[in-house]
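Q:
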Amino acid sequence: MQDNYYWRGREWPYKEVLPRIICEEIISTEDSSLPKDYKLFCFSGIPKVAFVASDRGMDTKFDFYDILWNKLPLSQHYPNSNLDMKKPLQWEEMIKLASKLSKQFPHVRVDFYIDANGYIKFGEMTFYHFSGFQVFEPREYDELFGSWIDLSLVEKNQKKDDNVRK
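The sequence shown: position 14 = 283 (my numbering), numbered continuously.
Laid out in structure tokens, this is it:
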């Protein structure tokens with residue numbers, strides 16, 4: 270309750286947020302482990318790359334995939350796992366949901382879980398993945414991700430916001 274997350278990563282949307290306690294439902298899994306976290310990087314409503322976070326809280330691993338579920342030779346901050354992860358049955362639905370949720374944003378990461386009953390659970394939308402501080406390996410992916418952001422949309426959205434305020 271004492272932390273202001275703005276000071277950690279200088280993410281301006283957190284600057285004036287008052288700390289609160291939020292209780293969430295536990296997401297059950299078939300084997301009672303923590304659920305895998307499916308995170309889709311979206312650009313103007315188009316999911317381009319995803320990663321699955323596994324073994325959270327113990328020995329976290331990130332495995333990156335393209336949207337067709339081809340494993341990418343990519344890592345960031347955490348090592349890749351040795352798992353041969355199968356594409357979840359809900360994958361196409363997650364892509365549709367991420368597309369819809371991210372349509373109005375030049376870039377956002379949309380996160381999901383799958384519970385023990387096979388239902389998709391929304392996690393969060395992240396506008397500043399690792400506060401923008403963690404590089405991808407290989408480094409070419411930093412440039413690739415950046416090339417997918419259409420900054421002209423930021424200016425257009427700002428003008429819309431200004432017109433609404435008038």
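Note that beta-carbon positions come from the ideal geometry of N, C-alpha and C, so glycine has one too.
Since the model is a prediction, treat every value here as computed from it, not as a measurement.
Measure the C-alpha to C-alpha separation of Leu-337 and Asp-324 and round it to an integer number of angstroms.
A: One-based indexing of the sequence shown puts residue 337 at position 68. One-based indexing of the sequence shown puts residue 324 at position 55. If you take the alpha carbons of Leu-337 and Asp-324, they lie about 23 Å apart.
Q: Can you tell which of Ser-416, Leu-303, Ser-400 and Cys-292 has the C-alpha that lies nearest to the C-alpha of Trp-281?
A: Start at 1 with the first residue of the sequence shown, and residue 281 comes out as number 12. When each option's Cα is compared against that of Trp-281, the closest is Ser-400.
Q: Have a look at Gln-359, Leu-303, Leu-341 and Arg-279 and flag the residue whose alpha-carbon is nearest the alpha-carbon of His-398.
A: Looking up residue 398 in the sequence shown gives position 129. If we check each option's Cα against that of His-398, Arg-279 comes out closest.
Q: Assign Pro-375 to one of two classes, buried (16 or more other C-beta atoms within 10 Å of its C-beta) or exposed (fewer than that).
A: To locate residue 375, count along the sequence shown from 1; it is residue 106. It is buried - the Cβ of Pro-375 has at least 16 other Cβ atoms within 10 Å.
Q: My guess is that Thr-437 and Asp-384 are in contact by the Cβ rule of under 8 Å, so how many angstroms apart are they, rounded?
A: Since the first residue shown for the chain is 270 and the last is 435, residue 437 is missing from the structure and cannot be characterised.
Q: Cβ of Lys-356 versus every heavy atom of the ligand HEM: is any distance shorter than 7 Å?
A: Absent from the structure shown: the ligand HEM. Ligands present: none.
Q: Please state whether DSSP places Met-354 in a helix, a strand or coil.
A: Here the question's residue 354 lines up with position 85 in the sequence shown. It is coil, neither helix nor strand.
Q: Going by the DSSP bridge assignment, what does Ile-383 pair with across the sheet?
A: For the purposes of this step, residue 383 is taken as the residue at position 114 of the sequence shown. Paired residue(s): Ile-389.
Q: For the beta strand (DSSP E) that Phe-333 lies in, which residues bound it at each end?
A: In the sequence shown, residue 333 corresponds to position 64, counting from 1. 330-335 is the span of the beta strand (DSSP E), which, as asked, contains Phe-333.
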